[in-house]
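There are 2 protein chains.
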Amino acid sequence: MSNVVSLKGGEPEKPNGLEILRRRVDDGMDRVNAVILDKMQSDVVLIPQLASHIIAAGGKRLRPMLTLAAADLCGYEGERHIHLAACVEFIHTATLLHDDVVDESDLRRGNATANAVFGNQASVLVGDFLFSRAFELMVADGSLEVLAILSRASAIIAEGEVMQLITTNDTETTEDAYLDVISSKTAALFAAACRVGGVVAEAPKPQVEALDAYGRNLGIAFQLVDDALDYSSRNAQLGKSVGDDFKEGKITLPVVLAFRRGSEDERRFWRRCLEDLDQRDGDLEVAQELMGRHTAIDDTIERARHYGAKARDALELFPDSELKTALNDAVQFTIERAY
Amino acid sequence: MSNVVSLKGGEPEKPNGLEILRRRVDDGMDRVNAVILDKMQSDVVLIPQLASHIIAAGGKRLRPMLTLAAADLCGYEGERHIHLAACVEFIHTATLLHDDVVDESDLRRGNATANAVFGNQASVLVGDFLFSRAFELMVADGSLEVLAILSRASAIIAEGEVMQLITTNDTETTEDAYLDVISSKTAALFAAACRVGGVVAEAPKPQVEALDAYGRNLGIAFQLVDDALDYSSRNAQLGKSVGDDFKEGKITLPVVLAFRRGSEDERRFWRRCLEDLDQRDGDLEVAQELMGRHTAIDDTIERARHYGAKARDALELFPDSELKTALNDAVQFTIERAY
Numbered sequence: 000m001s002n003v004v005s006l007k008g009g010e011p012e013k014p015n016g017l018e019i020l021r022r023r024v025d026d027g028m029d030r031v032n033a034v035i036l037d038k039m040q041s042d043v044v045l046i047p048q049l050a051s052h053i054i055a056a057g058g059k060r061l062r063p064m065l066t067l068a069a070a071d072l073c074g075y076e077g078e079r080h081i082h083l084a085a086c087v088e089f090i091h092t093a094t095l096l097h098d099d100v101v102d103e104s105d106l107r108r109g110n111a112t113a114n115a116v117f118g119n120q121a122s123v124l125v126g127d128f129l130f131s132r133a134f135e136l137m138v139a140d141g142s143l144e145v146l147a148i149l150s151r152a153s154a155i156i157a158e159g160e161v162m163q164l165i166t167t168n169d170t171e172t173t174e175d176a177y178l179d180v181i182s183s184k185t186a187a188l189f190a191a192a193c194r195v196g197g198v199v200a201e202a203p204k205p206q207v208e209a210l211d212a213y214g215r216n217l218g219i220a221f222q223l224v225d226d227a228l229d230y231s232s233r234n235a236q237l238g239k240s241v242g243d244d245f246k247e248g249k250i251t252l253p254v255v256l257a258f259r260r261g262s263e264d265e266r267r268f269w270r271r272c273l274e275d276l277d278q279r280d281g282d283l284e285v286a287q288e289l290m291g292r293h294t295a296i297d298d299t300i301e302r303a304r305h306y307g308a309k310a311r312d313a314l315e316l317f318p319d320s321e322l323k324t325a326l327n328d329a330v331q332f333t334i335e336r337a338y
Numbered sequence: 000m001s002n003v004v005s006l007k008g009g010e011p012e013k014p015n016g017l018e019i020l021r022r023r024v025d026d027g028m029d030r031v032n033a034v035i036l037d038k039m040q041s042d043v044v045l046i047p048q049l050a051s052h053i054i055a056a057g058g059k060r061l062r063p064m065l066t067l068a069a070a071d072l073c074g075y076e077g078e079r080h081i082h083l084a085a086c087v088e089f090i091h092t093a094t095l096l097h098d099d100v101v102d103e104s105d106l107r108r109g110n111a112t113a114n115a116v117f118g119n120q121a122s123v124l125v126g127d128f129l130f131s132r133a134f135e136l137m138v139a140d141g142s143l144e145v146l147a148i149l150s151r152a153s154a155i156i157a158e159g160e161v162m163q164l165i166t167t168n169d170t171e172t173t174e175d176a177y178l179d180v181i182s183s184k185t186a187a188l189f190a191a192a193c194r195v196g197g198v199v200a201e202a203p204k205p206q207v208e209a210l211d212a213y214g215r216n217l218g219i220a221f222q223l224v225d226d227a228l229d230y231s232s233r234n235a236q237l238g239k240s241v242g243d244d245f246k247e248g249k250i251t252l253p254v255v256l257a258f259r260r261g262s263e264d265e266r267r268f269w270r271r272c273l274e275d276l277d278q279r280d281g282d283l284e285v286a287q288e289l290m291g292r293h294t295a296i297d298d299t300i301e302r303a304r305h306y307g308a309k310a311r312d313a314l315e316l317f318p319d320s321e322l323k324t325a326l327n328d329a330v331q332f333t334i335e336r337a338y
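Protein sequences appear in the order of chains A and B. Using numbering that gives the first Met the number 0, you'd call the opening residue of the first sequence number 0 and step up by one each time. Using numbering that gives the first Met the number 0, you'd call the opening residue of the second sequence number 0 and step up by one each time.
Written as structure tokens, this is what we have:
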């Protein structure tokens, strides 16, 4: 836990685990961003307008960073990972655009969503454009293996999103069903982003598999923490909204745990709020109180730690290096940002 | 005009141009349909449920038929065109699903749309799934050239859909702007479907280009006639709805022509109905009357004839054959179905 950075006021801020990784791939990310800006252009000006709205909105660019870092960790010295990292971000961005339409979200990372500004119709279509453009970029790269990885991941993401749609409002959802959803909708692209880095480096199979496992487990940990943060006052400090999942009736692990551990009265509360979407003033606070009572948030983070440990262990077969430490610290940060 | 089939009662129905083409590729289409059914499967049962709703809804399967016919015309005797024709249909189906969400349509080909039955959210996500699945199928085929053709076409379709969104409700749209929209949203996939058939057959470049030109011009003619039919009582006979474009304020060529040729009073009518979407009982009938007064429907079909002639001339460098005649007759039918 020596890498945990205090975010409390007063102390000078040391770079957190993710920041160290970011600095390490900084040059590459500048070029990735240039490719992203270049390839989202179109004579149809609404496309770059809307795309830049979401792409400039200040996401962490975590997935393309992973592609660069994975290639780097395998000693890659070429240029292909730059364009492929941009592909990964385009696929992610297309997914976000469609997600926000599906969720009817108005805010993402504290900013108005593209669908709120430009309308659902444009968001659906520009998502399709970015997705197609990602495939054009991959085709230009010319590797059928990379195309196979990312087209498979894209299909799995869509399956995960549909699964999530089905479990929404269903308080009987099991922890395993929830894990299936986040493994597909989130972890599949993390895994693919890392795997592609190993593949362009022509790394030996065990290394490629290790990178895939690192990404997959990091992705699960990342989503678990995100879902915990949606009920945590920590999110307000990070400039994110709290209670979005609650409002939409999404069934995430904190809910699964609180529902199962709760009394019959409590379960009636969860059903009213999340199945019937009959929500009243103060309900979110009650939900947070119930989660506290049943340590649902803490245990969600505890589950995330489990996947974080698996991610770090997956990397163990790589020789020690500054970059390996940075990748491990990024896992740590992903989890500790919850505090 | 000898191929024009009377659809009036009394006479025995001779097969129309499209029907002759369909019979010609019948065996192949059975296998394409089997691939479509197989590849739309998923453990997430809502996906095949929704996909089969739209795929079984009885579309003409015109695009995959074109891939088969194009390969056949170039003497292809392999199997690759079967899977690639299924890809083309998946891309088309994904586009339809997203289109119906964007247009907020309730009916397609006289049936309830997927979004009306399953909701917009599922339609967006299953569209994404089918699109990803199409790319997986292409990757399994293994041709980067085919991947380049269909990923490019997909990006162009998305651009066309965004252009259409922008021109919707804009009565000042020019004929050329309208042509840009339909060239992208419709003709690009017709062209790609035909081109892919030539590419798998390893046909010489002039033949591949001829097939592309045939598909592109046929696609434009097809869309022009579709847009004319939306204002024509002929559509009611075909079991299709009339006036959908009018209700949505879509600016198609019949509108462009009637608006430009109309008096200032008439333009005020078009602006009220299509820009302000302030529509009253009887407005559709007035619109049809104005189109009749300015021969806007007939002239739209006349424009379609121009592109149909280009499509047929593109095929002229192929030696005469039964299949070539069927492809020419399909163009004829595409246009003459307006009557």
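Using N, Cα and C, we set each Cβ at its ideal position, and we do this for glycine too.
Simplified DSSP assignment, three categories, for residue i
{"i": "Arg279/A", "result": "coil"}
{"i": "Asn110/A", "result": "strand"}
{"i": "Tyr338/B", "result": "coil"}
{"i": "Arg30/B", "result": "helix"}
{"i": "Ile35/A", "result": "helix"}
{"i": "Lys204/A", "result": "helix"}
{"i": "Lys184/A", "result": "helix"}
{"i": "Phe317/B", "result": "coil"}
{"i": "Asn327/B", "result": "helix"}
8 Å Cβ cutoff, residue i in contact with chain A
{"i": "Met162/B", "result": "yes"}
{"i": "Glu88/B", "result": "no"}
{"i": "Ser104/B", "result": "no"}
{"i": "Val138/B", "result": "yes"}
{"i": "Phe134/B", "result": "yes"}
Test: residue i CB closer than 8 Å to a CB of chain B
{"i": "Ser182/A", "result": "no"}
{"i": "Ile81/A", "result": "no"}
{"i": "Phe130/A", "result": "yes"}
{"i": "Phe189/A", "result": "no"}
{"i": "Val207/A", "result": "no"}
{"i": "Arg279/A", "result": "no"}
{"i": "Glu274/A", "result": "no"}
{"i": "Glu250/A", "result": "Reading off the sequence, residue 250/A comes out as Ile, not Glu. No, no contact with chain B."}
{"i": "Val101/A", "result": "yes"}
Residue i versus residue j - alpha carbon distance
{"i": "Tyr226/B", "j": "Thr251/B", "result": "Correcting the residue type first, residue 226/B is Asp in the shown sequence and not Tyr. Distance between the alpha carbons of Asp226/B and Thr251/B: 6 Å."}
{"i": "Glu335/B", "j": "Phe89/A", "result": "43 Å"}
{"i": "Gln206/A", "j": "Arg215/A", "result": "14 Å"}
{"i": "Asp211/A", "j": "Ser150/A", "result": "15 Å"}
{"i": "His101/A", "j": "Thr94/A", "result": "According to the sequence displayed, residue 101/A carries Val and not His. Cα to Cα, Val101/A sits roughly 10 Å from Thr94/A."}
{"i": "Phe258/A", "j": "Ile155/A", "result": "28 Å"}
{"i": "Asp297/B", "j": "Phe130/A", "result": "39 Å"}
{"i": "Glu265/A", "j": "Leu289/A", "result": "8 Å"}
{"i": "Gly58/A", "j": "Ser183/A", "result": "20 Å"}
{"i": "Gly281/B", "j": "Asp229/A", "result": "52 Å"}
{"i": "Leu188/A", "j": "Thr66/A", "result": "11 Å"}
{"i": "Ala254/A", "j": "Gly307/A", "result": "It should be pointed out that residue 254/A corresponds to Val in this sequence rather than to Ala. Computed Cα separation, rounded: 21 Å."}
{"i": "Ala313/A", "j": "Lys204/A", "result": "13 Å"}
{"i": "Glu323/B", "j": "Ile35/A", "result": "Glu is not the amino acid found at residue 323/B; the sequence shown has Lys there. Straight-line Cα distance between these residues: approximately 44 Å."}
{"i": "Ala191/A", "j": "Gln222/A", "result": "16 Å"}
{"i": "Ala337/A", "j": "Ser240/A", "result": "14 Å"}
{"i": "Ala115/A", "j": "Ala325/B", "result": "49 Å"}
Status (buried if at least 16 other CB within 10 Å, exposed otherwise) for residue i
{"i": "Asp42/B", "result": "exposed"}
{"i": "Gln236/B", "result": "exposed"}
{"i": "Gly9/B", "result": "In this prediction, Gly9/B scores a pLDDT of 49, lower than 50, which makes its location untrustworthy; the coordinate-derived value is nonetheless stated afterwards. Looking at its Cβ environment, which holds fewer than 16 other Cβ atoms inside 10 Å, Gly9/B is exposed."}
{"i": "Asp29/B", "result": "exposed"}
{"i": "Leu106/A", "result": "exposed"}
{"i": "Val44/A", "result": "exposed"}
{"i": "Asp26/A", "result": "exposed"}
{"i": "Lys13/B", "result": "exposed"}
{"i": "Pro63/B", "result": "buried"}
{"i": "Ala186/B", "result": "buried"}
Cβ-heavy atom distance, residue i to the ligand NAP, below 7 Å
{"i": "Asp312/A", "result": "Here there are no bound small molecules, and the ligand NAP is not part of this structure."}
Check your understanding: Touching or not, the region 190–197 of chain A and the region 268–275 of chain A, by the rule of three or more beta carbon pairs under 8 Å?
Key -> no
**Study point:** At least three beta-carbon pairs within less than 8 Å, the region 31–50 of chain B to the region 160–167 of chain A
**Key:** yes
Practice item. Evaluate contact between the region 133–142 of chain B and the region 167–174 of chain A, counting only Cβ atoms and requiring at least three cross-stretch pairs below 8 Å. Key: no
Review point. Just checking, does the region 113–128 of chain A make contact with the region 68–87 of chain A on the three C-beta pairs under 8 Å criterion?
Key: No: fewer than three Cβ pairs fall under 8 Å.
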